[in-house]
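A.B. asks:
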Amino acid sequence: MITLYTAATPNGRKISIALEELGLEYQLEHVKLQEEQQFSDAFLAINPNHKIPAIVDDGQAIWESGAILLHLGEKYDGDGRILPKDAAKRMEAIQYAFFQTGGVGPNLGRLGAALRKEGEKNQEMLEIFGGEMDRLCGVLDRILENGEREYLTGEYTIGDIMHYPWLRIAQQIGAEFITSRPRLVAWLDRIATRPAVERGMAIPV
Ligand SMILES: N[C@@H](CCC(=O)N[C@@H](CS)C(=O)NCC(=O)O)C(=O)O
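Using numbering that gives the first Met the number 0, you'd call the opening residue of the sequence shown number 0 and step up by one each time.
#1: With distances taken from CA atoms, which of 52, 153, 6, 195 is nearest residue 34?
#2: Taking its Cβ as the centre, do 16 or more other Cβ atoms sit within 10 Å of residue 172, making it buried, or is it exposed?
#3: Please list, in chain order, all residues of the same chain as residue 99 whose beta carbon is under 7 Å from its beta carbon, the five residues on each side excluded.
#4: For residue 259 and residue 71, what's the separation of their Cα atoms in angstroms?
#5: Should residue 51 be counted as a contact of ligand 3 given a C-beta to heavy atom distance under 7 Å?
#6: Under 7 Å: does the beta carbon of residue 6 sit that close to some heavy atom of ligand 1?
#7: When the Cα of residue 127 is compared with those of 139, 119, 113, 138, which residue comes out closest?
#8: What would DSSP say about residue 49, mapped onto helix, strand or coil?
#9: Given this structure, state the Cα-to-Cα distance separating residue 80 from residue 155, to the nearest angstrom.
#10: Looking only at C-alpha atoms, which of 50, 64, 44 sits nearest to residue 58?
#11: What does residue 59 pair with, by DSSP beta-bridge criteria?
#12: Pick out whichever of 41, 90, 104, 190 has its Cα sitting closest to the Cα of residue 206.
#13: Any idea what DSSP makes of residue 119, helix, strand or coil?
#14: Any heavy atom of ligand 1 closer than 7 Å to the beta-carbon of residue 64?
#15: At a threshold of 7 Å, does residue 121 count as lining ligand 1 (C-beta to nearest heavy atom)?
#16: What separation, rounded to the nearest whole angstrom, lies between the Cα atoms of residue 116 and residue 109?
#17: What are the start and end residues of the beta strand (DSSP E) that includes residue 28?
#18: My assumption, with CB atoms under 8 Å, is that residue 183 sits in contact with residue 136. Please give the rounded CB distance.
#19: Let me check you understand the geometry: is the CB of residue 100 closer than 7 Å to at least one non-hydrogen atom of ligand 1?
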């Protein structure tokens, strides 16, 4: 049995989307970040890094969204629905998953924190992280442009799942680094139509 420790954030939703795509049963544990439940002894025993998402699968604790998606793909995706079977495509999907954890994840996270800060905004932070987001979205646009791909590898994979919840929020609030790029908008809209994505984005309820 899989238990998912999550909250209503983009990182958490990567995992609920993947679980829904694979049709897996799972138990849900909503970790209330505002109440600092991530610092409880019970949660720190699962993830010493006090962050969601984390899963416990048959007694094995796994954290870091990219590692969790790779685990789910390796263990449960016999058909290559989100982690391709073809070795080259598989590595390309993993590459895009890593690209998200080193790129869009931290930069959009810090940009969001700078924007949410009350009072006077730190202009330098907005410029640094906003500029980097624009550059990263340019990279994603170039990847999708190559062969006019519908998804990053051509097919829907963990690489798309890693990016989607983050970039969808940015799109919804009208961030120009997305809205000025029709290919990115079409890619996100395409992912949004998947029933598993719709279900995964609504978790935790
Ligand atoms: N690199 C991590 C990032 C996880 C992360 O930043 N989680 C945030 C919510 S989106 C969190 O749990 N923050 C609580 C804390 O830092 O105490 C991953 O990809 O799983």
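We put the CB at the ideal spot given by N, CA and C, even for glycine. Given the structure is predicted, the values throughout are model-derived calculations rather than measurements.
C.D. replies: In this structure, then:
#1: As a working note, residue 34 is residue 35 in the sequence shown. Check the Cα spacing between residue 34 and each of 52, 153, 6, 195: the tightest is with 6.
#2: For this step, residue 172 is matched to residue 173 along the sequence shown. Residue 172 should be labelled exposed.
#3: Position 100 of the sequence shown, counted from the first residue, corresponds to residue 99. Same-chain partners within the cutoff: 161, 162.
#4: Outside the shown range of the chain (0 to 204) lies residue 259, about which nothing can therefore be said.
#5: Within the structure as shown, ligand 3 is missing, the only ligands being ligand 1.
#6: Here residue 6 refers to the residue found at position 7 when the sequence shown is read from its first residue. Result yes, Cβ under 7 Å from ligand 1.
#7: As a position in the sequence shown, residue 127 is number 128, starting the count at 1. Among 139, 119, 113, 138, the Cα nearest to that of residue 127 belongs to 113.
#8: Residue mapping note: residue 49 aligns to position 50 of the sequence shown, counting from 1. In the structure shown, residue 49 sits in coil (DSSP, three-state: anything other than H, G, I, E or B).
#9: Translated into positions along the sequence shown, residue 80 becomes position 81. Translated into positions along the sequence shown, residue 155 becomes position 156. Computed Cα separation, rounded: 8 Å.
#10: The sequence position of residue 58 within the sequence shown is 59, counting from 1. Taking only the C-alpha atoms, the option nearest residue 58 is 44.
#11: Here residue 59 refers to the residue found at position 60 of the sequence shown. In the DSSP output, where bridge partners are listed per residue, residue 59 has 56.
#12: Because the chain here runs from 0 to 204, residue 206 falls outside it and cannot be looked at.
#13: The sequence position of residue 119 within the sequence shown is 120, counting from 1. Three-state DSSP puts residue 119 in coil, outside helix and strand.
#14: On the sequence shown, residue 64 is found 65 positions in, with the first residue counted as 1. Yes - ligand 1 has a heavy atom lying nearer than 7 Å to the Cβ of residue 64.
#15: Locating residue 121 in the sequence shown gives position 122, where the first residue counts as 1. Checking the Cβ of residue 121 against ligand 1 gives no.
#16: Locating residue 116 in the sequence shown gives position 117, counting from the first residue. Locating residue 109 in the sequence shown gives position 110, counting from the first residue. Those two C-alpha atoms are separated by around 11 Å.
#17: Within the sequence shown, the letter at position 29 stands for residue 28. 25 to 29 is the extent of the beta strand (DSSP E) around residue 28.
#18: Here residue 183 refers to the residue found at position 184 when the sequence shown is read from its first residue. Here residue 136 refers to the residue found at position 137 when the sequence shown is read from its first residue. The Cβ separation is near 6 Å, so the contact holds.
#19: Working through the sequence shown from its first residue, we reach residue 100 at position 101. It does: the Cβ of residue 100 is within 7 Å (strictly closer) of some heavy atom of ligand 1.
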